[in-house]
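**Q**
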Amino acid sequence: MSGKQIDYLVSRFPVISETFIVRELDALSTTDGREIGLRSLFPSPDAQVHDIARRWMDKLVRPGVGACVAGLGWALLRHPLATLSILAAVVRGYAARPGLLIRALITVPIATAHARDLHSSSPTRHIHAHYATYPALAAWICARLAGVTYSVTVHAHDLYVDQSMLGRKLDGADFIVTVSEYNRRLLERYTSTPVHVIHCGIDSAAYPFRPRRIPDSGPIRALCVASLQEYKGHEVLLRALSLGGPGLDRTELDLIGNGPLNDELHKLATELGLGSRVRFHGGQSETTVKQALAEADLFVLPSILAADGQMEGLPVALMEALASGIPTVSTSLSGIPELVIPEKTGLLAIPADVQSLRDTLEQLISSGPALDDYARTGRDLVEQEFDITATTAALRSLFATV
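What follows is the structure, given as structure tokens:
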């Protein structure tokens, strides 16, 4: 095992929708022989903090303005040519997207502050960046200025939406982790650095397994846990529900999640006449989400390809649903079919197709005994390939090589 300390580097911490990173940190800190550090770039936008994230707050290193000024001064004095080269590379790499360029230029002094701290730290650190956007950019800068090694986990928008400097950031890494085979195939177009598929794991033991049938009469409780963003497909779901059918006419939908489409989706639900059948719960704690999973009759995540290119990587919400034994519907997009395997662990609709989603939900509702098989196969798949114990072991093996 390498003697280097592993420092995770993220854009913001905590983020209510990124519990998978905290689970990974927790699992590594309790099973690895080394201290695990945590660094971030920008302030967190979330006032709500999951309980599992609280204990990491005291460990978080996020440079203030003074540290960033000192870091940039240190970099210019100690490594003037490298620093100017970094700035030139950032301007060239992000020039086509001015909005992203501004954020990338803001990242540079923050990264120099981290680099200055890393240069003087003991033991030697290895940086693991979650997301190939600004965290990977900062890790690349730290490697140039402080001589540290780094690796990157690639998820979704950091591959599908923003490819600025992607090849350069990935080529400098010791290794790359990504969440699906679908992503691995895409990443190999950008870099020759080894790409390893390691899923964002969950603690499957924390999700009581309860196979369930759809009730033959009375309300059907459908659950969707997802941020209220275009690529999650909530509009398609509401329109599919409004089409009705033997099962959908008695389906009530609980939506957990916050996001920019909150007001728009409230308005759409009213316009479609769904009224009290759709309940918006906003962002909720992990405990509340687990309770909702325990009570739901079916789970639906109607993911689509958004106008800006954003789409799912491999949604943790689907892992939690399958671990719980809930009949599940999603769409045949990106890495989702690696988890929701049609007629084995659930059913898949055509992305962004309202009629297909409506028909797939009706098919699930009328599946009867097949749901028992879906539940058992889904739970087995999560335990074997998506459990945090297995995924953490795979990460430890990679960290041992740096």
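For the sequence shown, our numbering begins at 1 and goes up steadily by one. We put the beta carbon where it would ideally sit given N, CA and C, even for glycine. Fair warning: this is a prediction, and the values are worked out from it, not measured in the lab.
Should the stretch 372-386 be called in touch with the stretch 310-330, which here means at least 3 C-beta pairs below 8 Å?
**A** The stretch 372-386 is in contact with the stretch 310-330.
**Q** Count the other CB atoms within 10 Å of the CB of T287; is the residue buried (16 or more) or exposed (fewer)?
**A** Numbered from 1 along the sequence shown, position 287 holds the residue referred to as residue 287. Looking at its Cβ environment, which holds fewer than 16 other Cβ atoms inside 10 Å, T287 is exposed.
**Q** Note down, in chain order, each residue of its chain lying with its Cβ closer than 6 Å to the Cβ of V382, except the 5 sequence neighbours on either side.
**A** Numbered from 1 along the sequence shown, position 382 holds the residue referred to as residue 382. Excluding residues within five positions, the ones whose Cβ falls inside 6 Å are S204, M319, L322 and A323.
**Q** Which residue comes first and which comes last in the alpha helix (DSSP H) that contains R116?
**A** To locate residue 116, count along the sequence shown from 1; it is residue 116. Residues P98 to H119.
**Q** Helix, strand or coil for P14 per DSSP?
**A** As a working mapping, residue 14 is identified with position 14 in the sequence shown. It is coil, neither helix nor strand.
**Q** Spatial neighbours of R23 within its chain, please: C-beta separation below 6 Å, excluding the five flanking residues on both sides.
**A** Here residue 23 corresponds to residue number 23 of the sequence shown, with the count starting at 1. For R23, where only same-chain residues beyond five positions count, the Cβ hits under 6 Å are I388.
**Q** So, for D171: in the same chain, excluding its five sequence neighbours on each side, which residues have a beta-carbon less than 8 Å away from its beta-carbon?
**A** Looking up residue 171 in the sequence shown gives position 171. Closer than 8 Å at the Cβ level, and outside the excluded window around D171, lie T191, S192 and T193.
**Q** Using the Cβ count rule (16 or more neighbours within 10 Å means buried), how would you classify D51?
**A** As a position in the sequence shown, residue 51 is number 51, starting the count at 1. Looking at its Cβ environment, which holds fewer than 16 other Cβ atoms inside 10 Å, D51 is exposed.
**Q** Assuming contact is defined by CB atoms lying nearer than 9 Å, are R212 and L253 in contact in what I supplied?
**A** For the purposes of this step, residue 212 is taken as the residue at position 212 of the sequence shown. For the purposes of this step, residue 253 is taken as the residue at position 253 of the sequence shown. Not in contact: R212 and L253 (Cβ atoms no closer than 9 Å).
**Q** Confirm, please, whether the CB-CB distance from S285 to P327 is below 9 Å.
**A** Counting from one through the sequence shown, the residue named residue 327 turns up at place 327. Counting from one through the sequence shown, the residue named residue 285 turns up at place 285. Their beta carbons are not under 9 Å apart, which means P327 does not touch S285 by this criterion.
**Q** Can you tell me where the alpha helix (DSSP H) holding G66 begins and where it ends?
**A** Residue 66 sits at position 66 when you count from the first residue of the sequence shown. Run containing G66: V65 to R78, per the alpha helix (DSSP H) assignment.
**Q** Quick check: the stretch 293-312 against the stretch 216-228, are there 3 or more CB pairs under 8 Å?
**A** Segments in contact, yes.
**Q** With a cut-off of 8 Å, do at least 3 Cβ pairs link the stretch 242-252 to the stretch 328-348?
**A** With a cut-off of 8 Å, the stretch 328-348 and the stretch 242-252 do not count as touching, because too few Cβ pairs lie within range.
**Q** What's the C-alpha gap between I16 and R78?
**A** Residue mapping note: residue 16 aligns to position 16 of the sequence shown, counting from 1. Residue mapping note: residue 78 aligns to position 78 of the sequence shown, counting from 1. Their Cα atoms are separated by approximately 38 Å.
**Q** By how many angstroms is the C-alpha of E338 removed from the C-alpha of R92?
**A** For the purposes of this step, residue 92 is taken as residue 92 along the sequence shown, with counting starting at 1. For the purposes of this step, residue 338 is taken as residue 338 along the sequence shown, with counting starting at 1. For R92 and E338, the distance between alpha carbons rounds to 37 Å.
**Q** Using 8 Å as the threshold, is the stretch 144-154 in touch with the stretch 114-127, meaning 3 or more CB pairs across them?
**A** Counting Cβ pairs under 8 Å, three or more are found: they touch.
**Q** Does the stretch 129-137 come close enough to the stretch 154-170 to have 3 or more Cβ pairs within less than 8 Å?
**A** Short answer: they touch.
**Q** So, does the CB of A67 fall closer than 9 Å to a CB anywhere in chain D?
**A** Absence of chain D from the displayed structure is noted, only one protein chain being present.
**Q** Would you say T149 touches the ligand COA, meaning its beta carbon is less than 8 Å from a heavy atom?
**A** Among the ligands in the structure shown, none appear at all, so the ligand COA cannot be discussed.
**Q** In the DSSP assignment, find the alpha helix (DSSP H) that holds L406 and state where it starts and stops.
**A** Only positions 1 to 402 of the chain appear in the structure, and residue 406 is not among them; the question remains open.
**Q** For G71 versus A111, is the C-beta spacing smaller than 9 Å?
**A** Position 71 of the sequence shown, counted from the start, is the residue given in the question as residue 71. Position 111 of the sequence shown, counted from the start, is the residue given in the question as residue 111. For G71 and A111, yes; Cβs fall inside 9 Å.
**Q** Figure out for me which residue from V108, P109, A206 and P43 has the closest Cα to the Cα of L293.
**A** Within the sequence shown, residue 293 is the residue found at index 293, counting from 1. Closest option to L293, Cα to Cα, is A206.
**Q** Considering V354, what are the terminal residues of the alpha helix (DSSP H) in which it resides?
**A** Along the sequence shown, read from residue 1 onward, the residue named residue 354 stands at position 354. Where V354 is concerned, the enclosing alpha helix (DSSP H) stretches over V354 to I365.
**Q** Any idea which residues DSSP pairs D7 with across the strands?
**A** Residue numbering aside, residue 7 sits at position 7 when the sequence shown is read from its first letter. D7 pairs with G37 and I127.
**Q** Could you work out which residue in E362, G335, L305 and E295 is closest to G313 when comparing CA atoms only?
**A** Locating residue 313 in the sequence shown gives position 313, where the first residue counts as 1. Comparing Cα-Cα distances from G313 to each of E362, G335, L305 and E295, the minimum goes to G335.
**Q** Between the C-alpha atoms of L100 and Y94, what's the straight-line distance to the nearest angstrom?
**A** Stepping through the sequence shown from its first residue, residue 100 is reached at position 100. Stepping through the sequence shown from its first residue, residue 94 is reached at position 94. About 7 Å.
**Q** Would I176 and V154 qualify as a contact pair, given that the criterion is a beta-carbon distance under 9 Å?
**A** Position 176 of the sequence shown, counting from 1, holds the residue named residue 176. Position 154 of the sequence shown, counting from 1, holds the residue named residue 154. Contact: yes.
**Q** Terminal residues of the continuous beta strand (DSSP E) containing C224?
**A** The count along the sequence shown starts at 1 and reaches residue 224 at position 224. It spans I220 to V225 - the beta strand (DSSP E) in which C224 sits, taken as one unbroken run.
**Q** DSSP has T328 in a bridge; who is on the other side?
**A** Indexing the sequence shown from 1 puts residue 328 at position 328. The partner list for T328 (beta bridge, DSSP) reads F299.
**Q** Starting from the Cα of I198, find the closest Cα among L265, Y150 and T392 and give me that residue.
**A** Taking the sequence shown and counting its residues from 1, one reaches residue 198 at position 198. Per the Cα distances, T392.
**Q** Please state whether the Cβ-Cβ distance between A352 and G233 is less than 9 Å.
**A** Counting from one through the sequence shown, the residue named residue 352 turns up at place 352. Counting from one through the sequence shown, the residue named residue 233 turns up at place 233. Taking 9 Å as the Cβ cut-off, A352 and G233 qualify as a contacting pair.
**Q** Whole angstroms is fine: what's the gap from A82's alpha carbon to C68's?
**A** Numbered from its first residue, the sequence shown carries residue 82 at position 82. Numbered from its first residue, the sequence shown carries residue 68 at position 68. Near 17 Å, if we compare the C-alpha coordinates of C68 and A82.
**Q** Would you please state the rounded distance, in angstroms, between the beta carbons of G37 and R125? I believe it to be under 8 Å.
**A** One-based indexing of the sequence shown puts residue 37 at position 37. One-based indexing of the sequence shown puts residue 125 at position 125. Confirmed, Cβ separation roughly 7 Å.
**Q** Output needed for I202: all residues of its chain with C-beta closer than 8 Å, excluding positions within five of it in sequence on either side, in chain order.
**A** Translated into positions along the sequence shown, residue 202 becomes position 202. Only F20, R23, V316, M319, E320, A323, V382, F386, D387 and I388 meet the Cβ criterion.
**Q** State the beta-bridge partners of I256 as determined by DSSP.
**A** Translated into the one-based positions of the sequence shown, residue 256 becomes position 256. Paired residues: V225 and G282.
**Q** Specify, as a first and last residue, the run of the beta strand (DSSP E) that V177 falls within.
**A** If you number the sequence shown from 1, residue 177 lands on position 177. Its beta strand (DSSP E) spans residues I176 to T178.
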